[in-house]
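Just so we're aligned, residue 1 is where the sequence shown starts under the UniProt record's numbering, counting upward by one.
Every residue gets a Cβ at the ideal spot worked out from N, C-alpha and C, and that includes glycine.
This one's a predicted model, so the numbers in the text were calculated from it and none came from an experiment.
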Amino acid sequence: MNKSAIDPMPEYFDRYISQVPDDLELVPAIQKSILDIYQLDKEKISSLGDDVYAPGKWTIKQILLHIADTERVFIYRALRFARKDSTPVQSFDENLFAENSAAGERTLESLLDELVALRQSTLAFYKNLSDEQLLATGHTYKSEMSVLAMGFTIVGHQAHHFRIIEDRYFPLLNAQ
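As structure tokens, then:
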């Protein structure tokens, strides 16, 4: 199922959904996102260490763990909505998560391994949903959102942050 089947289109999360090419169905998009993790330039990331492009911004390790944390939150929501649990889900504080993640104490390899394992679990989850389950909706703290939209948000959220790493962090290496 592709993005055109998303109804309703979640207002805030459309910025992430739009990061995924229109012609990709969800399962192939998740599969591609796993390959994108493997294709990250680990040498450049390691060379940057804890450098940030502006004060108050997260390190790349914090970004990687933020991607994983957010995916866990979204997959939990998707599971609840796919199973027809109509209890409203709460927000989470991404900055609080990042501050308390201890990402800086971890190796880059452990973060990437975790992200791949998590994404493979997400892939297994989505591969086994029926069309009815994919189109099931529930209420987040902001709006109504479908299980399908959450899947595309997970993929697009990673693409968004990988683009930030490429555009804002990697140029720091030229300044060193």
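DSSP-derived helix/strand/coil call for residue i
i           : result
E11         : coil
residue 186 : Any answer about residue 186 is impossible in this case: the structure gives the chain only from 1 up to 176.
S86         : coil
residue 179 : With the chain running from 1 to 176 in the structure shown, residue 179 is simply not present.
N2          : coil
D167        : helix
Length of the line joining the Cα atoms of residue i and residue j
i    : j    : result
R83  : L26  : 19 Å
M150 : F125 : 12 Å
R119 : I30  : 7 Å
Y38  : Q90  : 32 Å
T70  : I154 : 8 Å
S86  : A54  : 41 Å
I17  : K44  : 27 Å
D50  : S130 : 42 Å
I164 : L172 : 12 Å
R106 : L135 : 37 Å
D14  : R72  : 19 Å
G104 : D113 : 15 Å
K32  : G56  : 31 Å
Supposed close pair residue i, residue j - CB separation, criterion 8 Å
i    : j    : result
Q158 : V147 : Rounded, the Cβ-Cβ distance is 18 Å, inconsistent with contact.
L48  : Y169 : 6 Å
F81  : G138 : 4 Å
K42  : L108 : 6 Å
F152 : V20  : 5 Å
L115 : I67  : 6 Å
E99  : P8   : Actually they do not touch by this definition, with Cβ atoms about 33 Å apart.
Boundaries of the alpha helix (DSSP H) in which residue i is found, first to last residue
i   : result
Q31 : 26-38
Restricting to runs no shorter than 3 residues, where is the beta strand (DSSP E) found entirely within the UniProt domain "DinB-like" (52-165)? 137-139, 144-146
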